[in-house]
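First up is the structure itself, then whatever we jot down about it.
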Amino acid sequence: MPKTVQGTLYHTAVSAPRGEELLPLADLRSAWPDLHRRHLAKYRGREHRLRERVLPLDCTWSEVVFLSPLDSTVLFEALRESGRAVSPPPMWTLDAALLDPARCCVRLMRVTRGASTADPGTPDDYLPLSTATLRAVSQVTDRALARLRSLEPDEPALPWGDVPHVLHRGPIPLRFFRPARR
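Using the numbering used here, read the sequence shown as starting at 12 and increasing by one per residue.
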């Protein structure tokens with residue numbers, strides 16, 4: 012197995028988890044069709060996103076579980092500064108050492124002002140998951156906070172839009188997750 016990655020990852024807590032694993036959207040279709048429909052609805056108007064290739068993992072966007080390298084509290088504080096009545100969702104943490112780095116990558120993200128989804132990725136937007144990479148992307152950038160703080164009322168929020176995503180190909184055992192302490 013590749014070298015162990017040190018650090019903490021985050022995922023929005025699932026209120027009523029089913030089964031033993033956190034599944035990518037593509038796997039929900041056969042395992043839990045009702046959950047698949049609910050999560051698929053988040054992509055209405057941007058269905059093309061689900062077919063986007065995750066180059067280092069040789070799969071599509073719908074075949075990965077999305078993790079964050081940072082706690083979302085600061086993102087939602089910035090959204091509140093823009094006048095939005097939002098609260099950070101409950102989060103789970105995951106010790107990055109539990110994941111196989113060969114099944115993971117980091118996707119650098121950007122949002123063009125007013126866009127309804129993150130900008131398309133390029134091959135240069137993907138980094139290997141390592142302790143050094145995780146340390147480098149675990150702080151919210153000033154650009155991300157400035158965008159969230161200055162949103163107009165009709166602009167999509169996309170709180171994680173400028174935050175690098177840690178992508179894991181395939182399911183992750185639910186036993187790996189713990190409630191985040193805030």
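Glycine included, every Cβ here is placed at the ideal spot set by N, Cα and C.
Q: Spell out the partners DSSP gives Val76 in its beta bridges.
A: Answer is His179.
Q: Spell out the partners DSSP gives Leu105 in its beta bridges.
A: Answer is Leu20 and Phe188.
Q) If Leu162 sits next to Ser93, beta carbons under 8 angstroms apart, how far is it from one beta carbon to the other, in whole angstroms? A) Confirmed, about 4 angstroms.
Q) At a cut of 8 angstroms, does the segment 166-185 reach the segment 65-74 through at least three beta carbon pairs? A) Here the segment 166-185 lies against the segment 65-74, with 3 or more beta-carbon pairs under 8 angstroms apart.
Q) When you compare only the Cα positions, how much space is there between Ala37 and Leu90? A) Answer to the nearest angstrom: the Cα atoms are 30 angstroms apart.
Q: Find the nearest neighbour of Ala42 within the set Glu166, Asp165 and Pro28, judged by alpha-carbon distance.
A: It is Pro28.
Q) How big is the Cα-Cα spacing for Arg57 and Thr128? A) So the two alpha carbons sit approximately 7 angstroms from each other.
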